[in-house]
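Engineer:
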Amino acid sequence: EDVKQAILQTCPLSRTRPVEIQALSEIGSRLGISASSETMNKEEFINELKKIYNDILEQTGASTATISRVKRVLVDGPGALSDAIDRMTFDSFITDTPWRERMKTDAERYAEDPTGWIIFTGQSGSGKTHLCTAIAGKLMKEKSIPGTYMLWTQEYMKAARFTEVEYRKKLRECECLYIDDLFKPSINETQLWIAFEILDARYRENKPTIISTERTMSEIAYHDEALFGRIKQRSIVVGIKKEKGRNFRDA
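Note that the sequence shown covers residues 2 to 252 in this note's numbering.
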């Protein structure tokens with residue numbers, strides 16, 4: 002139980018994904034430790050979890066997507082791009098279909114001239130996050146444009162707290178903002194409010210913004226026409242049709 006509570010505190014996504022609690026609790030059991038151990042502080046406990054999470058997740062039957070989510074939280078941490086920039090490059094993106102070739106072409110075009118925004122919408126597992134990360138990496142490494150990473154599923158609730166004035170200001174004003182998985186898992190009033198506050202400010206200042214979302218532009222328009230209009234006006238829209246065979250995580 003101590004292990005589970007430590008995971009819930011450090012990995013909020015686990016609250017709705019029992020397989021992750023199971024996997025990470027198993028890690029703690031293998032190590033023979035708990036978050037309340039007298040010989041190991043919380044930071045050391047989490048560092049130990051980081052070392053072997055992948056092996057345990059695979060053995061407990063977690064999907065590739067689940068492993069990726071846990072890695073983002075435990076290993077990369079909130080707001081971090083870490084080693085993803087080194088792995089997810091334009092060169093490592095597989096262009097084995099015409100539509101993936103078009104995705105890459107649009108991404109490279111934006112990375113060369115990051116005027117306005119770019120948004121990748123639609124099919125899960127199609128490579129949206131890969132190309133968004135490749136863009137962010139190129140802007141940071143080659144154009145010295147610092148990037149701020151926001152994993153929407155993990156951080157929109159933080160942004161919604163009235164006490165987080167400085168955090169919202171950072172998202173509005175940072176040089177380049179990369180929002181990953183916008184409106185996941187669902188669109189609600191809180192998410193719409195936070196998205197509009199952040200993106201309206203960036204729209205007015207025309208600050209570079211990179212977005213990935215499984216939502217289509219039509220879905221966004223249905224929920225908030227004003228937000229849709231700002232995204233459409235500022236963005237290169239790269240839409241990936243939702244259909245079988247386009248989720249490369251299932252391959």
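In this text, a Cβ means the ideal position worked out from N, Cα and C, and glycines have one as well.
1. For residue 181, which of 214, 162, 174 has the nearest alpha-carbon?
2. Using the Cβ count rule (16 or more neighbours within 10 Å means buried), how would you classify residue 103?
3. Rounding to the nearest angstrom, what Cα-Cα distance links residue 248 and residue 101 in this structure?
4. On the DSSP bridge list, what partners appear for residue 213?
5. Which ranges does the alpha helix (DSSP H) cover as unbroken runs of at least 4 residues, wholly within the segment 136-182, from first to last along the chain?
6. Please check if any C-beta of chain D sits within less than 8 Å of the C-beta of residue 158.
7. Using the DSSP secondary-structure output, state which residues sit across from residue 241 in a beta bridge.
8. Write down the C-beta distance between residue 221 and residue 228 rounded to the nearest angstrom, noting that I regard them as a contact closer than 8 Å.
9. From 207, 184, 152, 192, pick the residue whose C-alpha is nearest to that of residue 176; which is it?
10. Out of 122, 204, 160, state which residue places its alpha-carbon closest to the alpha-carbon of residue 116.
11. Which term fits residue 145, buried or exposed, when burial requires 16 or more other beta carbons within 10 angstroms of its beta carbon?
12. Distance check for residue 197 and residue 223, CA to CA, integer angstroms please.
13. Select from 120, 106, 97, 89 the residue whose C-alpha is nearest the C-alpha of residue 234.
14. Output the boundary residues of the alpha helix (DSSP H) element that contains residue 230.
15. Using the C-alpha atoms, what's the distance from residue 99 back to residue 243?
16. Kindly give me the distance between the Cβ atoms of residue 161 and residue 172, rounded to whole angstroms, as I take these residues to be in contact under 8 Å.
17. Restricting to Cα atoms, I'd like to know which of 105, 211, 195, 114 is closest to residue 150.
18. Relative to the C-alpha of residue 90, which candidate in 136, 122, 188 has its C-alpha closest?
19. Could you tell me if residue 184 is buried or exposed, where buried requires 16 or more neighbouring beta carbons within 10 angstroms of its beta carbon?
20. For residue 1, which residues in the same chain have their Cβ closer than 6 Å to its Cβ, ignoring the five residues on either side in sequence?
21. Go ahead and label residue 166 buried or exposed: buried means 16 or more other beta carbons lie within 10 angstroms of its beta carbon, across all protein chains shown.
22. For the candidate residues 202, 179, 124, 92, whose alpha-carbon lies nearest to that of residue 264?
23. At the level of alpha carbons, what is the spacing between residue 97 and residue 191?
24. For my contact list, residue 122 and residue 218 are in at a C-beta cut-off of 8 Å; report their separation, rounded to the angstrom.
Structural biologist: Let's see:
1. The residue you call residue 181 lines up with position 180 of the sequence shown. Minimum Cα distance to residue 181 is reached at 214.
2. Residue 103 sits at position 102 when you count from the first residue of the sequence shown. By the neighbour-count definition (other C-beta atoms within 10 Å, threshold 16), residue 103 is an exposed residue.
3. Position 247 of the sequence shown holds residue 248. Position 100 of the sequence shown holds residue 101. For residue 248 and residue 101, the gap between their C-alpha atoms comes out near 12 Å.
4. Numbered from its first residue, the sequence shown carries residue 213 at position 212. Per the DSSP secondary-structure output, residue 213 pairs in a beta bridge with 121.
5. The qualifying runs are 153-161, 166-174.
6. The chain labelled as chain D is not found in the depicted structure, where only one protein chain is given.
7. The sequence position of residue 241 within the sequence shown is 240, counting from 1. DSSP, once it has assigned bridges, lists 123 as partnering residue 241.
8. In the sequence shown, counting from the first residue as 1, residue 221 sits at position 220. In the sequence shown, counting from the first residue as 1, residue 228 sits at position 227. Residue 228 and residue 221 do touch by the CB rule: their CB atoms are close to 6 Å apart, below 8 Å.
9. Mapped onto the sequence shown, residue 176 falls at position 175. Ranking 207, 184, 152, 192 by Cα distance to residue 176 puts 207 first.
10. Counting from one through the sequence shown, the residue named residue 116 turns up at place 115. Restricting attention to 122, 204, 160, the CA atom closest to the CA of residue 116 is found in 204.
11. On the sequence shown, residue 145 is found 144 positions in, with the first residue counted as 1. Of the residues assessed, residue 145 falls on the exposed side of the cut-off, its CB having fewer than 16 other CB atoms within 10 angstroms.
12. On the sequence shown, residue 223 is found 222 positions in, with the first residue counted as 1. On the sequence shown, residue 197 is found 196 positions in, with the first residue counted as 1. Cα to Cα, the separation comes out at about 14 Å.
13. The residue given as residue 234 occupies position 233 in the sequence shown. The residue from 120, 106, 97, 89 with its alpha-carbon nearest to that of residue 234 is 120.
14. On the sequence shown, residue 230 is found 229 positions in, with the first residue counted as 1. Note, residue 230: alpha helix (DSSP H), 226-235.
15. In the sequence shown, the residue the question calls residue 243 occupies position 242. In the sequence shown, the residue the question calls residue 99 occupies position 98. Pairing residue 243 with residue 99, the inter-Cα distance amounts to about 15 Å.
16. Here residue 161 refers to the residue found at position 160 of the sequence shown. Here residue 172 refers to the residue found at position 171 of the sequence shown. About 12 Å; that fails the 8 Å criterion.
17. The residue you call residue 150 lines up with position 149 of the sequence shown. Sorting 105, 211, 195, 114 by C-alpha distance to the C-alpha of residue 150 places 211 at the top.
18. Here residue 90 refers to the residue found at position 89 when the sequence shown is read from its first residue. Of 136, 122, 188, the smallest CA-CA separation from residue 90 is found for 136.
19. As a first step, residue 184 must be located in the sequence shown, where it is residue number 183. Flag for residue 184 reads buried.
20. One cannot answer for residue 1 here, as it falls past the ends of the chain, which runs 2 to 252.
21. Position 165 of the sequence shown, counting from 1, holds the residue named residue 166. By the beta-carbon neighbour count (other beta carbons within 10 angstroms, threshold 16), residue 166 is exposed.
22. Because the chain in this structure spans residues 2 to 252, residue 264 falls outside the shown range and cannot be described.
23. Within the sequence shown, the letter at position 96 stands for residue 97. Within the sequence shown, the letter at position 190 stands for residue 191. Spanning the two alpha carbons is a distance of roughly 39 Å.
24. Walking along the sequence shown from the start, residue 122 turns up at place 121. Walking along the sequence shown from the start, residue 218 turns up at place 217. So it is a contact: roughly 6 Å between Cβ atoms.
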